[in-house]
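Peer 1: Please find one structure pasted underneath; my questions will follow.
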Amino acid sequence: MWLTAHHRIIEVYRKNLTHFQEQYGRKRPVELRKLQDRFVGFIKQTTRFYRSFVQRLISHFQITELNWVVAKFHLSISKPDSIIQYDSSTRQQVIRSCHRILVILGDLSRYREAPANPKNWGPATGYYSLAKKLIPSSGTPHNQLAVIAINEGSNLSSTYHLYRAMSVAEPFPQASENLEKGFRKALKAYKTQAPAQVFTRKEEHAVKELISLFVRLHAKCFTARDFSDYESLESEMLTQLAQDLKDRNLSNGILTKMVLINIAAQFIAAQKAFRANGGHSFMSFLRLNVATFTTLHQVFQPELERAVGERTSNDGENLSAIGRRMLPSLRLYSTWLQVNHPVLVNQQPATAISVLIKQLWQTYANTLSLLAATFSMENVPTLDYLLEEDDDTLGFLPFAQVNGATAVNWKDEESVRAHPNEEALARICFLLEDGKQLCLKEDVPITASSDGTITYKEDGILTSTPSIGMNSSLNITGSESAFISAKKISEGSLAESVLGQGGASIVDSVTGSETMHALNRMVDSLVGPREEDSDEEVVFKKRR
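Residues in the sequence shown are numbered from 504 upward in steps of one, following my numbering.
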């Protein structure tokens, strides 16, 4: 119906509009406005049809898990005269149909804004976000959100959504091609010294230098061209990142986008390395993640030290605004470390990246020590919903080991959110629990002593770190709180598939048959086997 009727009318309108403008330009504004008004009227009528269709579909089959979708439309759900029997296949078809309609409604809302000035992308973004939540494993909503970002001139957001459209079980087919086009355009604009990008989003305007450096760095790595100035560009970007964090210019939303772009880029580069028998892009993105991880922790630590000196009776109030803003991104990188630590701990010694990885572990150990010394985890409440960053990364394949590849979350829409102080403590609790899990692994070079102090080990020998007394938050032998025990993490055995029998490293060299075999094994463990995955649903193991 969409392809053969409604979308065909939209295409006809576009042709008529183009022909009218070419023939008359601005000479007949009244006729132009009438043509545009008729089109907007058609869009409104079609939107009403599809909204009603979603309502009737859910009402007819009585799939109660989807009631939240209709509730977002502020519509009612009637009961059918008789009970309708259907199998699991039909249920999936209904869910897929609802998902498709949500994307169509987003497209209609986007087309409606064509003649408008200024444009309001809110309704379209809302529909795409609902579709993303309904089936997180589909890349289509993210691709459509990238279209909006491109229309707004946001290179960062378009890069983010296109990477997300690629990093799911059902990637959008043209997402990679669209991303490459955007990167090549960005590099060309920089090379020709084109006029500076106009940032329509206020939060992006405040950090425009950082965004320009970040996008250009990713464009170079993705296209695998001209790595001669990689180190200087990376250093400049990280310096700007730290400064913008300290100056409170960088919002939580932009920071989490940057972190997820980094993580997705490494994941996609691993897939490309497997197919193209090369790994330069993968190595660059791995290094970028290591360096960014360390930079964030280095900025975060002074905020923790201030919290020690300004301690109040309410633990949730001890952290500064900068620290609070960074917590979701630190948690995302904590999950990245859970998945990628086998790659990091088996690098070739005495190489540039091995030095960076050593610094990562040292900085990470210091952060854990400061966290445990600053916050008491004795009275952390149990949350009955997913934190924002957990909900947003459902379906995100780089975290599939932790989340499950097909996990969904449709029950949080009616949950009462906890106070921001409690959510901050929950995030800190998860960071400490991740650190505890890593300390228990024999191959990870950090350890917890009997008094809970976290120490970095170099070649199996304990090295000096700040001596910070810690409470029982990281006591490995202590009993877990109800909050901690409710959190379940899937422990995949990456080490064997990453290293193979010979223990070859893929971190510093991307040439040679042995290294490429190790890289291929690493790709299998990170992105899945080459054969098609089973349709069996993955158990939901996301941290609660």
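C-beta atoms are modelled at their ideal positions from N, C-alpha and C, and glycine is treated no differently.
Distance, Cα to Cα, residue 941 vs residue 569?
Peer 2: As a first step, residue 941 must be located in the sequence shown, where it is residue number 438. As a first step, residue 569 must be located in the sequence shown, where it is residue number 66. Looking at the two C-alpha atoms, the distance is approximately 38 Å.
Peer 1: For residue 641, which three-state DSSP category applies?
Peer 2: By 1-based counting over the sequence shown, the position of residue 641 is 138. It is a strand residue.
Peer 1: On a CA-only basis, which of 707, 768, 657 and 635 is nearest residue 689? Give me that one, please.
Peer 2: Here residue 689 refers to the residue found at position 186 of the sequence shown. When each option's Cα is compared against that of residue 689, the closest is 657.
Peer 1: Starting from residue 949, trace the beta strand (DSSP E) in both directions and tell me its first and last residue.
Peer 2: Stepping through the sequence shown from its first residue, residue 949 is reached at position 446. That run of the beta strand (DSSP E) goes 949 to 951.
Peer 1: How is residue 632 classed by DSSP in three states: helix, strand or coil?
Peer 2: The sequence position of residue 632 within the sequence shown is 129, counting from 1. Helix.
Peer 1: Rounded to a whole number of angstroms, what is the C-alpha to C-alpha distance between residue 879 and residue 837?
Peer 2: Residue 879 sits at position 376 when you count from the first residue of the sequence shown. Residue 837 sits at position 334 when you count from the first residue of the sequence shown. C-alpha separation (whole angstroms): 20 Å.
Peer 1: So, is residue 551 buried or exposed, given that buried needs 16 or more other C-beta atoms within 10 angstroms?
Peer 2: Taking the first residue of the sequence shown as 1, we reach residue 551 at position 48. Result: exposed.
Peer 1: When the Cα atoms are used, what is the spatial distance from residue 873 to residue 671?
Peer 2: Sequence index remark: in the sequence shown, residue 873 carries index 370 (1-based). Sequence index remark: in the sequence shown, residue 671 carries index 168 (1-based). Spanning the two alpha carbons is a distance of roughly 35 Å.
Peer 1: Taking DSSP as the reference, what is the three-state secondary structure of residue 958?
Peer 2: Within the sequence shown, numbered from 1, the residue matching residue 958 stands at position 455. In this structure, residue 958 counts as strand in the three-state DSSP scheme.
Peer 1: List the residues that DSSP assigns as beta-bridge partners of residue 673.
Peer 2: Position 170 of the sequence shown, counting from 1, holds the residue named residue 673. Its beta-bridge partners are 641.
Peer 1: Identify whether residue 880 lies in helix, strand or coil by the three-state DSSP scheme.
Peer 2: Locating residue 880 in the sequence shown gives position 377, counting from the first residue. Correct three-state label for residue 880: coil.
Peer 1: By Cβ distance, which residues of its chain are closer than 7 Å to residue 983, with the 5 residues on each side in sequence left out?
Peer 2: Taking the sequence shown and counting its residues from 1, one reaches residue 983 at position 480. Bear in mind that a pLDDT of 35 at residue 983, under 50, signals an unreliable position, so the model cannot answer this.
Peer 1: Check whether the segment 631 to 642 touches the segment 597 to 617, taking contact to mean three or more Cβ pairs, one atom from each stretch, closer than 8 Å.
Peer 2: Touching, per the Cβ criterion.
Peer 1: DSSP state of residue 864, grouped into three classes?
Peer 2: Walking along the sequence shown from the start, residue 864 turns up at place 361. Helix at residue 864.
Peer 1: Based on Cα-Cα distance, which residue from 758, 649 and 616 lies nearest to residue 830?
Peer 2: Walking along the sequence shown from the start, residue 830 turns up at place 327. Comparing Cα-Cα distances from residue 830 to each of 758, 649 and 616, the minimum goes to 758.
Peer 1: Count Cβ pairs between the segment 648 to 664 and the segment 712 to 726 that sit closer than 8 Å; are there 3 or more?
Peer 2: With the cut-off at 8 Å, the segment 648 to 664 and the segment 712 to 726 touch.
Peer 1: Exposed or buried, what is residue 858 when buried is set at 16 or more other beta-carbons lying within 10 Å of its beta-carbon?
Peer 2: Taking the sequence shown and counting its residues from 1, one reaches residue 858 at position 355. So residue 858 counts as exposed.
Peer 1: What's the call for residue 824, buried or exposed, on a 16-neighbour Cβ count within 10 Å?
Peer 2: Translated into the one-based positions of the sequence shown, residue 824 becomes position 321. Classification for residue 824: exposed.
Peer 1: Short of 6 Å in beta carbon distance, which residues of its chain neighbour residue 736, apart from the five on each side in sequence? Order them along the chain.
Peer 2: Position 233 of the sequence shown, counting from 1, holds the residue named residue 736. Same-chain partners within the cutoff: 720.
Peer 1: Is it right to say residue 585 is buried, meaning 16 or more other beta carbons lie within 10 angstroms of its own, or is it exposed?
Peer 2: For the purposes of this step, residue 585 is taken as the residue at position 82 of the sequence shown. Exposed is the call here.
Peer 1: By how many angstroms is the C-alpha of residue 754 removed from the C-alpha of residue 708?
Peer 2: On the sequence shown, position 205 is the one that residue 708 refers to. On the sequence shown, position 251 is the one that residue 754 refers to. Using only the alpha carbons, I get a separation of about 11 Å.
Peer 1: Roughly how far, in whole angstroms, is the beta-carbon of residue 583 from the beta-carbon of residue 558, given that I think they are within contact range, below 8 Å?
Peer 2: Start at 1 with the first residue of the sequence shown, and residue 583 comes out as number 80. Start at 1 with the first residue of the sequence shown, and residue 558 comes out as number 55. In fact, because the Cβ distance is near 13 Å, the residues do not count as touching under 8 Å.
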